[in-house]
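One structure below.
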DNA sequence: TTCCAGGAGAGAG
DNA sequence: CTCTCTCATGGA
């Protein structure tokens with residue numbers, strides 16, 4: 011395994027489920043609690059589930075997006091000094107393929123919210139409605155499926171401190187439980203159609219739909235435009251205020267088909283390092 | 001105290 | 001179509 015960095019991949023704000031402890035990353039994926047550590051080119055993994063190494067490896071290869079040719083992608087978007095620094099700094103960071111329902115639900119909760127608090131809400135939600143999983147002395151909880159949250163009711167969700175987003179999450183859970191929305195079909199649709207379907211949910215707009223397309227459905231051309239991406243494009247590239255549409259049109263023509271990957275490097279770099287363009 | 005966060009819906013114009 | 005106001009929460 012090459013061109014992969016576990017730390018950057020799990021800490022760049024695309025997933026809300028991983029936490030570092032004693033040099034390991036613990037997280038729940040696919041109903042199992044995992045602990046992972048990277049030593050140079052190899053990953054050391056333990057699972058709470060009773061499964062074969064081959065099974066786990068296949069799952070993780072897809073989840074961590076290891077099947078994609080990262081150098082080719084990064085070479086293609088490495089076209090100016092600022093993103094070059096981002097790529098250099100976070101080389102090996104990959105865009106995850108997260109589970110659809112958890113990703114959709116998580117990003118409904120993400121609107122007008124910050125990463126630490128999103129993580130907190132998801133932790134409460136999982137602890138209250140998920141199933142307990144144990145690995146070593148660590149305990150965590152699976153993400154509750156739609157039918158469990160639909161059954162729980164809006165008030166119970168509101169008690170998880172998610173504020174006005176509670177009815178959005180509940181309606182999505184109820185609609186999926188009632189069979190009004192086909193999650194498997196969504197995985198088969200091309201980017202533009204998948205995004206269009208996602209926007210039908212109350213509480214999912216263009217930005218959250220793009221997050222689901224990028225972080226779960228494998229559409230690496232998707233561009234979620236949040237306050238950070240808006241600031242980056244305005245300050246670093248356009249050097250003026252711009253509308254969401256202008257930002258999208260610029261970014262698509264500038265970065266091309268791997269826009270989603272470019273976006274994640276820019277997002278993480280701006281948040282962690284800042285907006286200073288390399289003096290030259 | 002006010003501002004901000006991986007925004008979106010409702011209403012006005 | 002675009003612009004503005006509002007929404008619950010907690011940390012800075």
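In this note's numbering, the protein residues as written are 11 to 290. Glycine included, C-beta positions come from ideal geometry on N, C-alpha and C. Because the structure is a prediction, the values reported are computed rather than measured.
Legend entry - Rounded straight-line distance, which links the Cα of residue 94 to that of residue 290: A caution first: residue 290 carries a pLDDT of 47, below 50, which makes its placement in the model unreliable, though a value can still be read off. Cα-Cα distance, rounded: 13 angstroms.
Legend entry - Rounded C-alpha distance that separates residue 244 from residue 209: If I take the Cα positions, the gap works out to 26 angstroms.
Inset, instruction - Decide if residue 206 is buried, meaning its Cβ has at least 16 other Cβ atoms within 10 Å, or exposed. - result: It is exposed - the Cβ of residue 206 has fewer than 16 other Cβ atoms within 10 Å.
Legend entry - Endpoints, the beta strand (DSSP E) within which residue 42 is located: Segment 42-49, the beta strand (DSSP E) holding residue 42.
Inset, instruction - Keeping to the same chain, check which residues put their C-beta closer than 7 angstroms to that of residue 212; ignore five residues upstream and five downstream. - result: So the qualifying residues of the chain are 178 and 181.
Inset, instruction - Would you mind stating whether residue 246 and residue 35 have Cβ atoms separated by less than 8 angstroms? - result: A distance of 8 angstroms or more separates the beta carbons of residue 246 and residue 35.
Inset, instruction - Give me the Cα-Cα distance between residue 286 and residue 127, rounded to the nearest whole angstrom. - result: Distance from the CA of residue 286 to the CA of residue 127, rounded to the nearest whole angstrom, comes to 27 angstroms.
Inset, instruction - Would you list the residues sitting across from residue 57 in a DSSP beta bridge? - result: Per the DSSP secondary-structure output, residue 57 pairs in a beta bridge with 44.
Inset, instruction - Go ahead and pull the three-state DSSP assignment for residue 16. - result: Correct three-state label for residue 16: helix.
Legend entry - Through-space distance from residue 242 to residue 223, alpha-carbon basis: It is roughly 21 angstroms from the alpha-carbon of residue 223 to the alpha-carbon of residue 242.
Inset, instruction - For residue 176, I'd like the list of residues in its chain whose CB is within less than 6 angstroms of its CB, leaving aside the five on either flank, ordered along the chain. - result: 164, 167 and 168.
Inset, instruction - Label residue 31 either buried or exposed according to how many other C-beta atoms from any shown protein chain fall within 10 Å of its C-beta, with 16 as the threshold for buried. - result: Answer is exposed; the Cβ neighbour count stays below 16.
Inset, instruction - Examine the Cβ distances between the region 228-242 and the region 258-273 and report whether three or more of them are shorter than 8 angstroms. - result: Three or more beta-carbon pairs drawn from the region 228-242 and the region 258-273 are found closer than 8 angstroms, and the two stretches are therefore classed as touching.
Inset, instruction - Report yes if the C-beta of residue 284 is less than 7 angstroms from at least one heavy atom of the ligand PLP; otherwise report no. - result: Looking for the ligand PLP in the displayed structure turns up nothing, as the structure carries no ligands at all.
Inset, instruction - Look at the alpha carbon of residue 112 and the alpha carbon of residue 155, and state the distance between them as a whole number of angstroms. - result: The C-alpha of residue 112 lies about 8 angstroms from the C-alpha of residue 155.
Inset, instruction - Could you have a look at residue 290 and say whether DSSP puts it in helix, strand or coil? - result: Bear in mind that a pLDDT of 47 at residue 290, under 50, signals an unreliable position, so the model cannot answer this.
Legend entry - Residues near residue 83 by beta carbon distance below 8 angstroms, same chain, minus five either side: So the qualifying residues of the chain are 230, 268 and 271.
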